[in-house]
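Quick note: to get the numbering used here, add 221 to the position in the sequence shown (first position is 1). Note that the Cβ used here is the ideal one computed from N, Cα and C, for glycine as well. If you're wondering where the values come from, they're calculated on a predicted model, not measured in any experiment. Working notes, structure below.
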Amino acid sequence: MIDYINQKIISQDRLNSTLNLWRFFNKKIVFTNGCFDLLHYGHVHYLAEAKALGDILIVGLNTDNSISRIKGPDRPIKDEASRSLLLASLEFVDGVILFEEDNPLNLITQILPDILVKGADYQVNQIVGADVVLNNGGQIRTLEFKEGYSTSKMVDKIRSETNQN
């Protein structure tokens, strides 16, 4: 089973051939991205909803270096190997690919998904890669977050409780 999960973690070298295979079978490709530092209910719900929009769900995952640049030196909590494996172990995630940049524009340009998904806290004009996807005939979808679930709030709560003890 672990081999099956690891195969869902797609290297840059395997990306094009994997995409070609999915496209050969006319699979509708959905793409989303994020840090997914502490996988929680909100993430699982969001990813399941994203998968329901198409046939294949690819998750672009920020590398550790990328997260540190974006979120600060205390992040990520979990390393990229752990985060990749956890995401790939979800039944509805078909592929996980790491990206080093601060945003997934290069990855979106390479994948050219049929549907690009982000949280509803973004307007379409704020979504990185939206223009690329739309110009290629794809769609942009935003999904509502589950209230009360945020990795940053979880980290703050843990730190607060640790400091009180």
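- Using a Cβ-Cβ distance cut-off of 8 Å, the stretch 248-259 and the stretch 328-344 are in contact, since at least three pairs of beta carbons, one from each stretch, lie closer than that value.
- Following the DSSP letters along the chain, one finds ASN237 inside the alpha helix (DSSP H) bounded by residues 233-245.
- The beta strand (DSSP E) runs of length 3 or more contained entirely in the stretch 296-345 are, from start to end of the chain, 316-320 and 336-340.
- The three-state secondary structure of VAL353, taken from DSSP, is helix.
- Across the structure, VAL314 and LEU308 are spaced so that their CA atoms are roughly 7 Å apart.
- Distances from the alpha-carbon of SER289 to those of ASP258, LEU274 and SER303 put ASP258 closest.
- Annotation for PHE320: ASN254, GLY281, LEU282, ASN283, THR284, SER287, ASN327 and LEU328 place their beta carbon closer than 8 Å to its own, counting only its chain and skipping 5 residues before and after.
- In the structure shown, ILE226 adopts helical secondary structure according to DSSP, grouped into three states.
- In the structure shown, the three-state DSSP call for LEU282 is strand.
- Residue environment: GLY358 is assigned as exposed (fewer than 16 neighbouring CB atoms within 10 Å of its CB, all protein chains considered).
- Assigned with DSSP and collapsed to three states, LEU364 falls in strand.
- Comparing alpha-carbon positions, the option among ILE231, LEU236 and LEU306 lying closest to MET222 turns out to be LEU306.
- Rounded to the nearest whole angstrom, the CA to CA distance from ASN324 to LEU236 is 18 Å.
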